[in-house]
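>
Numbering (this note's numbering), first residue to last: 2 to 1084.
1) Count the other C-beta atoms from every protein chain shown that fall within 10 angstroms of the C-beta of residue 1074, then say buried if there are 16 or more, exposed otherwise.
2) Put residue 237 into one of helix, strand or coil per three-state DSSP.
3) Looking at C-alpha atoms only, which residue of 976, 1001, 777, 980 is the closest neighbour of residue 1052?
4) Any chance you could list the alpha helix (DSSP H) runs of at least 4 consecutive residues sitting entirely within the stretch 438-474, in chain order?
5) By the 10 Å Cβ neighbour count, where 16 or more other Cβ atoms means buried, how is residue 625 classified, buried or exposed?
6) In or out: residue 609 buried (at least 16 other Cβ within 10 Å) or exposed?
7) In this structure, how does DSSP classify residue 723 when only helix, strand and coil are distinguished?
8) On the DSSP bridge list, what partners appear for residue 1043?
9) Report back the beta-carbon spacing between residue 926 and residue 872 to the nearest angstrom; my notes put them in contact at under 8 Å.
10) How would you call residue 508, buried or exposed, if buried means at least 16 neighbouring beta carbons within 10 angstroms?
11) Hey, how far is the Cα of residue 799 from the Cα of residue 632?
12) Would you report the Cα separation of residue 978 and residue 515, rounded to the nearest angstrom?
13) Measuring only the C-alpha atoms, how far is residue 321 from residue 302?
14) For the alpha helix (DSSP H) containing residue 698, list its first residue and its last residue.
15) Return the residue from the list 298, 244, 904 that minimises the CA-CA distance to residue 784.
16) Let's see if you can read the secondary structure: which residues bound the alpha helix (DSSP H) around residue 647?
17) Applying the criterion that 16 or more other CB atoms from any shown protein chain within 10 Å of the CB defines a buried residue, is residue 445 buried or exposed?
18) Assign residue 604 to buried or exposed, taking buried as 16 or more other Cβ atoms, counted over all protein chains shown, within 10 Å of its Cβ.
19) Compute the beta-carbon to beta-carbon distance between residue 596 and residue 683, rounded to the nearest angstrom, for a pair I have assumed lies under 8 Å.
20) Just curious, the beta strand (DSSP E) that residue 910 is in, first and last residue?
21) Put residue 942 into one of helix, strand or coil per three-state DSSP.
22) Between the stretch 322-333 and the stretch 204-219, can you find at least three pairs of beta-carbon atoms closer than 8 Å?
23) Do residue 542 and residue 583 come within 9 Å of each other at the CB atom, strictly closer than that value?
24) Taking the alpha-carbon positions, what's the residue 593 to residue 637 distance?
25) Beta-carbon separation of residue 198 and residue 182 under 9 Å?
26) Decide yes or no for the touch test of the stretch 706-725 against the stretch 677-694: beta carbon pairs closer than 8 Å, at least 3 of them.
27) What is the rounded straight-line gap between the Cα of residue 846 and the Cα of residue 225?
28) Per DSSP, residue 629 is paired with what?
29) What does the alpha-carbon distance come out to for the pair residue 1 and residue 1011?
30) At the level of alpha carbons, what is the spacing between residue 622 and residue 723?
31) What are the boundary residues of the beta strand (DSSP E) that residue 247 is part of?
32) Do you know how far the Cα of residue 186 is from the Cα of residue 295?
33) Less than 9 Å between the beta carbons of residue 973 and residue 887, yes or no?
34) With DSSP collapsed to three states, give me the class of residue 361.
35) Of the choices 429, 454, 424, whose alpha-carbon is the least far from that of residue 414?
36) Can you tell which of 236, 429, 394, 200 has the C-alpha that lies nearest to the C-alpha of residue 338?
Written as structure tokens, this is what we have:
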């Protein structure tokens, strides 16, 4: 449709409505004059919306030559003498608009081209007329050649606003291209140009973000750059990272050219002063923070209004608020942005950007101190000591009960019983205990807790110590509401991080509500000031990313560790760490989901294996939506799938040994992360996670990463990949410092075809992520896990900017057109830098240089775990073999050597000690090396040992006494003791313990006193051992609980202990290991 037709239609349907019959001719005459005049002048008016609009509808039909109303025929006949008689005309009124199509075909022109023009014109009438009676007409189906757009916005009013927003956008682009350099603009028009361009070109559609961004423009310290692209950090709230808002190159050029350094401050000061004059006598005070935002919004609205007047757009076409302007721009960008990105820019879907430390790591961006005018400075938080008490430990024990495998009703009764058995608590501790018990509820009919005891314990831990430390002995209920509010603020000050502030505020708010409701505490009225905004404290995101480059380095290091070690248990541990990393980063699984995967959950297929995440008797999923299946061929490489297959095949060998009936049961019992000795049991999850996270921290050089950030990374990288494929975006050199990440993102199109096998732009790929993450809706995924939406917006801006030719950029920047054409792909960046101030040009170069040199020049140095050389020695193998035999249920296929060891331990129960844990293995290794130094020879060569060491080993073997003498099992002893009644033996063993620099205590087993002589005798025995062994009072403990006196001078237990005064298990394990080796190898 050409310009004059469009102007005519707009005027026809939005002209001042004249109701008098005698003035119909005036409307007709005015429209006739517009055929030549209105299109040139470009001025038109809008009237209030009229639901019926009979005059306008009739007149539009007359212009199309379809019919003539009999009622006003005489008036029209004077204007158009050639008009046909009414009797020869098809009459059409509002009630039968649906007959338009038939009238056109029957009485319209027979020329197809003219009929097409009529229909095209009529389509414009419908679009701009905003008449709901016309929307149902199937004009598009009449002639397929007519490209009439379909209304996708639901209502005619939305479509009307979309058309006007599109017109405003086009007029704005025309203005900055043709008239910006020739016009003498006022300050308000300059600001209006900036606001309009921020809306339509930079997609800043959120009112508050728009206000906060424009406030930052006067200070160049707020200008930040990433690969020559300008962005601002806009505060979102007090707990989450600032939002990165990239500006379009067009907006960047306008900011440089219009130089709004004094403009914004002048407008705000003028409005604030005017506001103070108006409210000088007002008795009500106005909140300054809200007032400044409101006044600034009115200043922006006025500037937009002044600018639209300059464009020739009537003011009654425009919304009357800044929020309405943002919504109008949102409709205008309906066909420019994908729905997900459009909702994100408008604030309907919130997306949290990465933390500043992560941005600096990924893009080599250094942030200066951000200056936000008219904003209060954030509070600085410092680490403060916590208060501990014995009573709190008793309260904690009440809720420290895992509930996953326990019966909820039984556990509920047990917890209530433990709570009732606690006496003497201070009032504040009693309130905390009662608050925790109030949350402990078993849901009827579901047989599970509403909130598990462990989660209640976490809530108590977050606030209890701080409350006790701040309130001391003051009773919570005996303080006034103001005093309690101030004390709660002191509790919040104990936080050590922004995220900790959020947690404390959230739990304190719940605790205070309980106090006011159940304990009748005086209410705190200004709860928002104390506990924060619930919307903010309930929704915080710890945003961070793990790159593919760091992922590959960790995997490479784990493979090297598996090759270098001969210890099967350690090899299995590193293999589980490798598998845990793959499932967390490449499949997006939670740690609990990955760790509890069983053999039956993995559906093996050579070409298309599937991993099923589902509930089982010992694994409860977080939500019902967490049940899902993962097609591993679309997510993992062949090497990563082989890691899973190796563990699967190894476990299947054990399954296939069983009968057909038992195989399925065994599949449901064996874990992929099972122990080497017993795959039906899993080790502690921290046994895998802690060392894995240490490698991840070292590889990424970021100590703030946790395992759940692997899940964040899965969602963020896949969202970025999906947008690149669906929207045809160009990645350029965004991840130049991370070649593996860059390479993975460059395969976005192939990945999209694998996940959604269609070449059409379905825009469904982002929503696929929510399904694979196990979320009920995409909003959860987008708001909590995706941190790359700012990059997507930046790429869309680049894509749209590349559609403008070099002449446009030359007019906008003042640079030479021919020079820009030579720059080709760099013409936009050159045009922006051509206008940029000198200080900002230097900053752009420094950031770009830092980004280009940010590639890791050397591999990160991983901390290698200490090697346990002693555990692989020959003299330890008999003991480790016993540990393996103790875990095996069936011993049918044992070797001759294994049967010999089994028989030995069966007959000698005192040597059956439990296996060493991770920390005890290192202590054992150091003890063995120390004993080797003392003995002066190899521990495997008994003839090389010193006579004193051999004597000590013989005495240890004689004195070691087990708790049980069961000769029918290989079950480890629950307890063991070194008992003796001989002073010489005790002195010899004490000397060895002191040489090993071990701590010990002597427990004297005394007779229970029944008469005065027993007391005297016990005193003599204690003195005997104290003098003979030269003991200090701290090394002696008496146990007068035996019915008779064992030995002449009673009996003693020599107990070797660690720093916590617990039995030193590695020492006993070392001595038993050597004794076993001597007994089995007497030569």
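Where is the CB? At the ideal position from N, CA and C, for every residue including glycine.
This is what the structure gives:
1) In the chain shown, the residue the question calls residue 1074 occupies position 1073. Classification for residue 1074: buried.
2) Within the chain shown, numbered from 1, the residue matching residue 237 stands at position 236. Correct three-state label for residue 237: coil.
3) Position 1051 of the chain shown, counted from the first residue, corresponds to residue 1052. Looking at the Cα atoms, 980 is the closest of the given residues.
4) 454-472
5) The count along the chain shown starts at 1 and reaches residue 625 at position 624. Label assigned to residue 625: exposed.
6) As a working mapping, residue 609 is identified with position 608 in the chain shown. The residue is exposed, with fewer than 16 neighbouring Cβ atoms inside 10 Å.
7) Reading the chain shown from its first residue, position 722 is the one you call residue 723. Helix, per DSSP.
8) Taking the chain shown and counting its residues from 1, one reaches residue 1043 at position 1042. Residue pairing for residue 1043: DSSP places it in a beta bridge opposite 1008.
9) Taking the chain shown and counting its residues from 1, the one referred to as residue 926 is at position 925. Taking the chain shown and counting its residues from 1, the one referred to as residue 872 is at position 871. Correct: roughly 7 Å between the Cβ atoms.
10) Here residue 508 corresponds to residue number 507 of the chain shown, with the count starting at 1. So residue 508 counts as buried.
11) To locate residue 799, count along the chain shown from 1; it is residue 798. To locate residue 632, count along the chain shown from 1; it is residue 631. So the two alpha carbons sit approximately 34 Å from each other.
12) Along the chain shown, one-based indexing puts residue 978 at 977. Along the chain shown, one-based indexing puts residue 515 at 514. Going from the Cα of residue 978 to the Cα of residue 515 covers about 52 Å.
13) One-based indexing of the chain shown puts residue 321 at position 320. One-based indexing of the chain shown puts residue 302 at position 301. Near 8 Å, if we compare the C-alpha coordinates of residue 302 and residue 321.
14) Within the chain shown, the letter at position 697 stands for residue 698. Taken as a continuous stretch (DSSP letters only), the alpha helix (DSSP H) holding residue 698 covers 687-701.
15) For the purposes of this step, residue 784 is taken as residue 783 along the chain shown, with counting starting at 1. Out of 298, 244, 904, 244 has the C-alpha closest to the C-alpha of residue 784.
16) Taking the first residue of the chain shown as position 1, residue 647 is located at position 646. Looking at the DSSP string, the run of the alpha helix (DSSP H) that includes residue 647 is 639-657.
17) What you label residue 445 is simply residue 444 of the chain shown in a count that begins at 1. Label assigned to residue 445: exposed.
18) Here residue 604 is taken as the residue at index 603 of the chain shown, counted from 1. Residue 604 should be labelled exposed.
19) Position 595 of the chain shown, counted from the first residue, corresponds to residue 596. Position 682 of the chain shown, counted from the first residue, corresponds to residue 683. Yes, residue 596 and residue 683 are in contact; Cβ-Cβ is about 6 Å, under 8 Å.
20) By one-based count along the chain shown, residue 910 stands at place 909. Where residue 910 is concerned, there is no enclosing beta strand (DSSP E), given that its DSSP letter is neither H nor E.
21) Within the chain shown, the letter at position 941 stands for residue 942. Coil, per DSSP.
22) yes
23) One-based indexing of the chain shown puts residue 583 at position 582. One-based indexing of the chain shown puts residue 542 at position 541. No, these two residues do not count as a Cβ contact at 9 Å.
24) In the chain shown, residue 593 corresponds to position 592, counting from 1. In the chain shown, residue 637 corresponds to position 636, counting from 1. Taking the straight line from one Cα to the other gives about 20 Å.
25) Position 197 of the chain shown holds residue 198. Position 181 of the chain shown holds residue 182. Result no, Cβ atoms of residue 198 and residue 182 do not sit closer than 9 Å.
26) The stretch 706-725 makes contact with the stretch 677-694, as at least three CB pairs between them are under 8 Å.
27) Here residue 846 refers to the residue found at position 845 of the chain shown. Here residue 225 refers to the residue found at position 224 of the chain shown. Distance between the alpha carbons of residue 846 and residue 225: 12 Å.
28) Position 628 of the chain shown, counted from the start, is the residue given in the question as residue 629. Paired residue(s): 614.
29) The structure shown does not extend to residue 1, since the chain is modelled only from 2 to 1084, so the question has no answer here.
30) Residue numbering aside, residue 622 sits at position 621 when the chain shown is read from its first letter. Residue numbering aside, residue 723 sits at position 722 when the chain shown is read from its first letter. The alpha-carbon atoms of residue 622 and residue 723 are separated by roughly 27 Å.
31) Along the chain shown, read from residue 1 onward, the residue named residue 247 stands at position 246. Its beta strand (DSSP E) spans residues 244-247.
32) As a position in the chain shown, residue 295 is number 294, starting the count at 1. As a position in the chain shown, residue 186 is number 185, starting the count at 1. Roughly 25 Å separates the two Cα atoms.
33) Position 972 of the chain shown, counted from the start, is the residue given in the question as residue 973. Position 886 of the chain shown, counted from the start, is the residue given in the question as residue 887. Contact: yes.
34) Position 360 of the chain shown, counted from the start, is the residue given in the question as residue 361. Helix, per DSSP.
35) Mapped onto the chain shown, residue 414 falls at position 413. It is 454.
36) If you number the chain shown from 1, residue 338 lands on position 337. Selected option, being the one with the closest Cα: 200.
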